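Chemist: Mind having a look at this structure? Questions to follow.
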Amino acid sequence: QVQLVESGGGLVQPGGSLRLSCAVSGSISSINFMAWYRQAPGKQRDLVARISAAGRTTYVDSVMGRFTISRDNIKNTLYLQMNSLKPEDTAVYYCKVTARWDYWGQGTQVTVSS
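According to this note's numbering, the residues represented by the sequence shown are 1 to 114, in order.
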């Protein structure tokens, strides 16, 4: 059974940093894309950043230059380094793995507030 467990969320002041992790366990082969999504209250879940198996990255414009997505293929772990955080980054952050099917984590809350 495949499980994705996010960690690293919390409360941070504007301008601060957080690093999210997503540990993937279970039998899963041929992972293609790994990605971070976020969902703010009352809004839809949107893509934040994505990384391919080859390491090619894609970011939404609003986080470009502030967030960095990376993956450790040995540990099957996905990361999101978030710097210069803004109040509008407040959301529940979810990791997603795309193999033969899509798998989602349970989410981790990120709150940016003074």
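By construction, the Cβ of each residue, glycine as well, lies at the ideal position given by its N, Cα and C atoms. For clarity, every value in this text was computed on a predicted model and none was experimentally measured.
When you compare only the Cα positions, how much space is there between Pro87 and Ser27?
Modeler: In the sequence shown, residue 87 corresponds to position 87, counting from 1. In the sequence shown, residue 27 corresponds to position 27, counting from 1. Taking the straight line from one Cα to the other gives about 37 Å.
Chemist: Return the first residue and the last residue of the beta strand (DSSP E) that Asp102 is part of.
Modeler: Within the sequence shown, the letter at position 102 stands for residue 102. Where Asp102 is concerned, the enclosing beta strand (DSSP E) stretches over 102-104.
Chemist: Please list, in chain order, all residues of the same chain as Val2 whose beta carbon is under 8 Å from its beta carbon, the five residues on each side excluded.
Modeler: For the purposes of this step, residue 2 is identified with residue 2 of the sequence shown, where counting begins at 1. Closer than 8 Å at the Cβ level, and outside the excluded window around Val2, lie Val24, Ser25, Gly26, Ser27, Ile28, Val97, Tyr103.
Chemist: Taking buried to mean at least 16 other C-beta atoms within 10 Å of its own C-beta, is Ala54 buried or exposed?
Modeler: If you number the sequence shown from 1, residue 54 lands on position 54. Result: exposed.
Chemist: For Thr77, tell me which candidate among Val92, Val12, Trp36 has the shortest Cα-Cα distance.
Modeler: For this step, residue 77 is matched to residue 77 along the sequence shown. Closest option to Thr77, Cα to Cα, is Trp36.
Chemist: Report the rounded CA-to-CA distance for Pro41 versus Trp101, giving the unit in angstroms.
Modeler: As a working note, residue 41 is residue 41 in the sequence shown. As a working note, residue 101 is residue 101 in the sequence shown. Rounded to the nearest angstrom, the two C-alpha atoms are 27 Å apart.
Chemist: Determine, using beta carbons only, whether Glu6 and Leu20 come nearer to each other than 8 Å.
Modeler: One-based indexing of the sequence shown puts residue 6 at position 6. One-based indexing of the sequence shown puts residue 20 at position 20. In contact: Glu6 and Leu20 (Cβ atoms closer than 8 Å).
Chemist: Is DSSP giving Lys110 helix, strand or coil here?
Modeler: The sequence position of residue 110 within the sequence shown is 110, counting from 1. Note that residue 110 is Val in the sequence shown, not Lys. Strand.
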